[in-house]
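Please read the structure below before turning to the comments.
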Amino acid sequence: MNKKQMNNTYTTSALPVIFLAFANDRRDYLYNLTEEQNGIRNALRSAERNGLCEVVYETDTDIDKIFRTFDEYQDRIAIFHYGGHAEDYSLLLKAASGERQYARSEGLMAFLA
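Numbering (my numbering), first residue to last: 832 to 944.
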């Protein structure tokens with residue numbers, strides 16, 4: 832079976848998902864984050880185009896969007912990448928109110944396990 836035939840045997844709903852989530856803080860803005868986003872998307876574009884994976888991309892993400900995306904794609908998420916502010920044991924996200932929101936490692940590990 833050649834590569835083209837192999838790609839045609841998979842539907843989008845069966846492909847592994849690479850979930851890219853980004854959050855920037857207006858007060859402590861990360862100027863290189865947009866460059867990181869574009870670089871990762873460009874690097875994955877050919878893999879997605881060749882039917883190797885599906886890339887799901889969230890900007891200005893919050894914890895609710897992360898949970899919804901994991902719920903929607905369930906066991907298909909093979910890679911989760913977060914770009915933005917973080918501390919040793921938490922991710923810094925934006926709450927729906929626009930305020931800072933911390934996603935602590937304990938809660939994320941329990942959810943992802």
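Every residue gets a Cβ at the ideal spot worked out from N, C-alpha and C, and that includes glycine.
These numbers come from a predicted model, not from an experiment.
TODO: Figure out for me which residue from L939, G882 and D906 has the closest Cα to the Cα of L922.
DONE: L939
TODO: With DSSP collapsed to three states, give me the class of G870.
DONE: helix
TODO: State the Cα-Cα distance for the pair T890 and D919, rounded to the nearest angstrom.
DONE: 22 Å
Open item on the list: Nearest by alpha-carbon distance to C884: which of R858, L846 and A927 is it?
Closed with: L846
Open item on the list: Taking the alpha-carbon of V886 as reference, which of F850, R935 and Y933 has the nearest alpha-carbon?
Closed with: F850
Task: Segment contact flag, the segment 896–906 with the segment 859–874, C-beta cutoff 8 Å, min 3 pairs - done: no
- [ ] Return the CA-CA distance between Y913 and A854, expressed in angstroms with no decimal places.
- [x] 8 Å
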